[in-house]
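In what follows, a structure is listed as structure tokens, so that the remarks can point back to it.
2 protein chains.
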Amino acid sequence: MKDFFNVTPLEKVFEYIATFPVVESETVYIDKATKRILAQNIRSEEDVPGFSRSTMDGYAVCAASTFGATEGNPAYLTINGAISMGENPAARVVPGSAIRISTGGMLPDGADGVVMMEYATEIDETTVEIYKSVAPGGNVITKGEDVQKGQALLPAGTKLRPPEIGLLAALGIEQVDVYKKPVVGIISTGDEIVPIQTIPGPAQVRDINSYSISSQVVQAGGIPVSFGIIKDNYDVLLETYRRALQKTDMLIISGGSSVGTRDLTIEVLRSLTDSKILVHGIPISPGKPTILARAGNKPVWGLPGHVTSAMVVFDRVVRPFIAHAAGITLDHNHHTRRISAKTSRNIASTQGRTDFIRVRLRQSDDGLRAEPVLGKSGLINTMLQADGLVEIDMNTEGLDKGTEVSVIPL
Amino acid sequence: MKDFFNVTPLEKVFEYIATFPVVESETVYIDKATKRILAQNIRSEEDVPGFSRSTMDGYAVCAASTFGATEGNPAYLTINGAISMGENPAARVVPGSAIRISTGGMLPDGADGVVMMEYATEIDETTVEIYKSVAPGGNVITKGEDVQKGQALLPAGTKLRPPEIGLLAALGIEQVDVYKKPVVGIISTGDEIVPIQTIPGPAQVRDINSYSISSQVVQAGGIPVSFGIIKDNYDVLLETYRRALQKTDMLIISGGSSVGTRDLTIEVLRSLTDSKILVHGIPISPGKPTILARAGNKPVWGLPGHVTSAMVVFDRVVRPFIAHAAGITLDHNHHTRRISAKTSRNIASTQGRTDFIRVRLRQSDDGLRAEPVLGKSGLINTMLQADGLVEIDMNTEGLDKGTEVSVIPL
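Below, the structure is given as structure tokens:
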């Protein structure tokens, strides 16, 4: 009756990621594209800026006219009007003359630098005193200095942040191709599970996983679709899995927690058309009984029934599969996923498996401290109190107090 | 003609946050509530779990019947059937007997512990051999151990992550009150600014800020509403500001970059009903010419016209005001906002102002390195390449190579 199976190490599980497809793309307006994943390469069709601009308020000059100017020995230039914003300057600058210019103004012909207004005083209507020389190119952004025509800028797979949205606006690109959000089906199984709207009878529990996993799918950039609670019945399960697979890019089944339900899940997965069990057990805690199957070209997950185990497995194992399906290859924010802290006490772990320990983060005199959250691992309260997870790898037998760790935020 | 004004230190600017109101609340279903901010306190109306449950597959027993059991000296118990999932057990456990139970199964009367199946062998249909004793309460979560009836769980102001959504499901709470998302109006000003759909003429530039700032508002949890590009005209500006204030909780005006436009912004802000200029200049770089006004009870910002300056000021100055308006008081993820790294080279800065330096993060043998992004600060490319910002405070005159810094991710 013992539950032996060959577990698959986490790094082997991740080798399956690239064997699954990326979703299709769609076209969206850039004002709806924040956090979306670019599905095309972006190249500039023009120079940005399209003209040389002043970066300061001051005076457009021939830089050479200011050479040697100091407070004690200023240069005197003749003022030849002002540049209007948004207009092509009619006047030109000649040696010995200056034109008033604002930040962003177009540099007039003949000018090759801008003297900041802080270093100039108009002594009368026609003459300005310059206290500091400017080098050629000083306080100017030249045509094409930001982006050159033809320059490759954003590769497909880039997650669009505000700077990328701003760049697209600068290039006049109103719409872009982005990957659709992967649609992830969620099924709860187990005879003891009842809808959250009901008062559970004795021995029954509410369907937490449909909600917590949906919420994780949203966070991971997917679209969750719940297929409800299915009792432990082969025919009903098979029909539901089939229906769900037709409508989704990935399927997550959160097990009834009992062995019987898990065995039934495997049996039903084997019965799906063109299916294969890829992973049956991963040496991680929590989450050892995790199942990964392929049905056609779609991943199907069997997650543990315990809400906390399911949440940890989703975050550490399932999420990279969703990121792949979503088309992400460049995510500037991936560095934010780890927070440096020191363990507040010794933390035990078991060799031969990867342990994910829930921790709270607390500010201390010595920087951030990671405090293990106490309580049995099945308690949802332990997840509520946790700011993140500390990963202890298979070859490490616990961490000493004060060990520097990288906390994975939840 | 010099542009003198009394700047307001950043910490003084932040003292205005609490003087502005929080938005109203609305009721949403919990499957739409991820990332929303709770506007009510959540207290449990019941015990979770509602009954004592097994956390393992195995045998429900009187713990005392297993005391002293070892591989060499096992205990022998009489098997008295099995607990069905989701059903109230009819049988009870008496000393010397055991009932088969699955993970999540309801503990039968008389039992006070569960022996894991790994430590038991059924030697025939009626007898199980136990190799290891279990303590009273072992492998059991007792009624109310996770959440007790009446327990205060989530305070208003909590950002809802998957664990909080899971908890609400566990409690049978289908709908919750959350704060509405603050509506943030965005206006671009400046005679040189043209819509992104057009080909800019000489001296004209596309309206980048409406898009980059909208994207930042989305990231900050607000709803952006763009009021378009307004030319430098007192009457039109005043009418637009008034209209925008009626429809929004906060207004962001991104300046034309010229002095003239900034002066006009101030003049129009002063003309609004019940308005006051709170801040006119902040000793930060980039972003010194930032304006904060109060119009009625709403904050109105004048941001620099440079796209990169506007983005940095939004992130470092405006965003906490949006978080306040959005009702956030407890954000588990706030620890993720800083990433430890070491500077890759000396970084210059000016005493007397806070400098925000754009940096790239690169993995090195010595951990993460923060490399300053080179290029003039007005170039949007410098934001694209940046993973984050390093803050150098007013009293520090530059950082030496190898200094440990906290990078603010972008």
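Chains as they are written, first to last, in the numbering used here: chain Y, 21 to 430; chain W, 21 to 430. Each residue gets a CB set at the ideal place from its N, CA and C atoms; glycine is no exception. A quick note: this is a predicted structure, and the numbers were derived from the prediction, not measured.
Query                                                                                                                                                                                               : Result
By the criterion of Cβ-Cβ separation under 7 Å, what are the contact partners of Ser360(W) in chain Y?                                                                                              : Ser360
Determine the extent of the alpha helix (DSSP H) in which Thr260(W) is found, giving its start and end residues.                                                                                    : Tyr254 to Lys267
For a contact defined as C-beta to C-beta under 8 Å, what are the partners of Ala118(Y) on chain W?                                                                                                 : Those within 8 Å of Ala118(Y) in chain W number zero; the least Cβ separation is about 13 Å.
Would you check if there are 3 or more beta carbon pairs closer than 8 Å linking the stretch 225–239 of chain Y to the stretch 182–201 of chain W?                                                  : yes
Would Ala223(W) pass as an interface residue toward chain Y - the criterion being a Cβ-Cβ separation below 9 Å?                                                                                     : yes
So which residues of chain Y does Val238(W) contact, with C-beta pairs closer than 7 Å?                                                                                                             : Thr54
What whole-angstrom Cβ distance do Val332(Y) and Pro306(Y) have, given they're in contact under 8 Å?                                                                                                : 5 Å
According to DSSP, is His344(Y) part of a helix, a strand, or is it coil?                                                                                                                           : helix
Only counting runs of 4 or more residues, tell me where the alpha helix (DSSP H) segments fall wholly within the stretch 177–239 of chain W, in order along the chain.                              : 182–190 and 229–239
Comparing the C-beta of Leu399(Y) with each C-beta of chain W, is any distance below 9 Å?                                                                                                           : yes
Enumerate in chain order the residues of its own chain whose CB-to-CB distance from Thr162(W) is below 6 Å, with the five nearest sequence positions on each side excluded.                         : Ser72
Could you name the residues of chain W that Ala190(Y) contacts, counting a contact when the two beta carbons are closer than 7 Å?                                                                   : Arg226, Ile228 and Ile400
Given Asp77(Y), which residues of its chain have a CB within under 6 Å of its CB, disregarding the five upstream and five downstream residues?                                                      : Ser122, Thr123 and Met137
Report the rounded CA-to-CA distance for Val43(W) versus Asp197(W), giving the unit in angstroms.                                                                                                   : 12 Å
From the beta carbon of Glu107(W), is the nearest beta carbon of chain Y less than 9 Å away?                                                                                                        : yes
Taking the Cβ atom as the reference point for each residue, do Leu273(Y) and Tyr261(Y) lie within a distance shorter than 9 Å?                                                                      : Checking the displayed sequence, the identity of residue 273(Y) turns out to be Ile instead of Leu. Yes.
Determine which residues of the stretch 56–74 of chain Y have a Cβ less than 7 Å from any Cβ of chain W, and write them out in chain order.                                                         : Pro69, Gly70 and Phe71
If you reduce the DSSP assignment to three classes, tell me which class Phe24(W) lands in.                                                                                                          : With a pLDDT of only 45 at Phe24(W), under the threshold of 50, the placement of this residue in the model should not be trusted; the figure read from the coordinates follows. Looking at Phe24(W) - three-state DSSP - the assignment turns out to be coil, as it is neither helix nor strand.
Helix, strand or coil for Thr39(W)? Go by DSSP, reduced to three states.                                                                                                                            : helix
Measuring only the C-alpha atoms, how far is Val33(W) from Ile304(Y)?                                                                                                                               : 48 Å
Taking Cβ-Cβ distances below 7 Å as the criterion, which residues of the stretch 167–188 of chain W are in contact with chain Y?                                                                    : Val167, Arg181, Pro182, Pro183, Glu184, Ile185, Gly186 and Leu187
Considering only residues of the stretch 317–379 of chain W, which uninterrupted beta strand (DSSP E) runs meet the minimum length of 3 residues and lie entirely inside it, listed in chain order? : 318–323 and 359–363
Is the stretch 141–152 of chain W in contact with the stretch 92–105 of chain W, if contact means three or more CB pairs nearer than 8 Å?                                                           : yes
Can you name, in chain order, every residue of its own chain whose Cβ lies under 6 Å from the Cβ of Gly422(Y), other than the five neighbours on each side?                                         : Lys362
Buried or exposed: which applies to Ile219(Y), given that a residue is buried once 16 or more other Cβ atoms fall within 10 Å of its Cβ?                                                            : exposed
Is the CB-CB distance between Ala80(Y) and Val48(Y) below 9 Å?                                                                                                                                      : no
Any idea what DSSP makes of Leu127(Y), helix, strand or coil?                                                                                                                                       : coil
Quick one: list the residues of chain W neighbouring Ser3(Y), beta-carbon separation under 7 Å, in chain order.                                                                                     : Here chain Y has residues from 21 to 430 only, and residue 3(Y) is not among them.
For Lys421(W), does the three-state DSSP call read helix, strand or coil?                                                                                                                           : coil
Once you ignore the five residues that flank Met414(W) on each side, which residues in its own chain have a CB closer than 8 Å to its CB?                                                           : Pro29, Pro303, Gln371, Gly372, Arg373 and Thr374
Check the Cβ-Cβ distances between Glu35(W) and every residue of chain Y, and say whether any is below 9 Å.                                                                                          : no
Let me confirm a value: Arg389(W) is counted as buried when at least 16 other C-beta atoms fall within 10 Å, else exposed. Which label applies?                                                     : buried
Residue ranges of each alpha helix (DSSP H) run of no fewer than 4 residues wholly in the stretch 29–107 of chain Y, ordered along the chain?                                                       : 30–34
So, is the C-beta of Gln371(W) closer than 9 Å to a C-beta in chain C?                                                                                                                              : Reference to chain C is not applicable here, since the protein chains of this structure are Y and W.
Do Gly347(Y) and Ile62(Y) have their C-beta atoms within less than 9 Å of each other?                                                                                                               : no
If you pair each beta-carbon of the stretch 163–177 of chain Y with each one of the stretch 389–407 of chain W, do three or more pairs fall below 8 Å?                                              : yes
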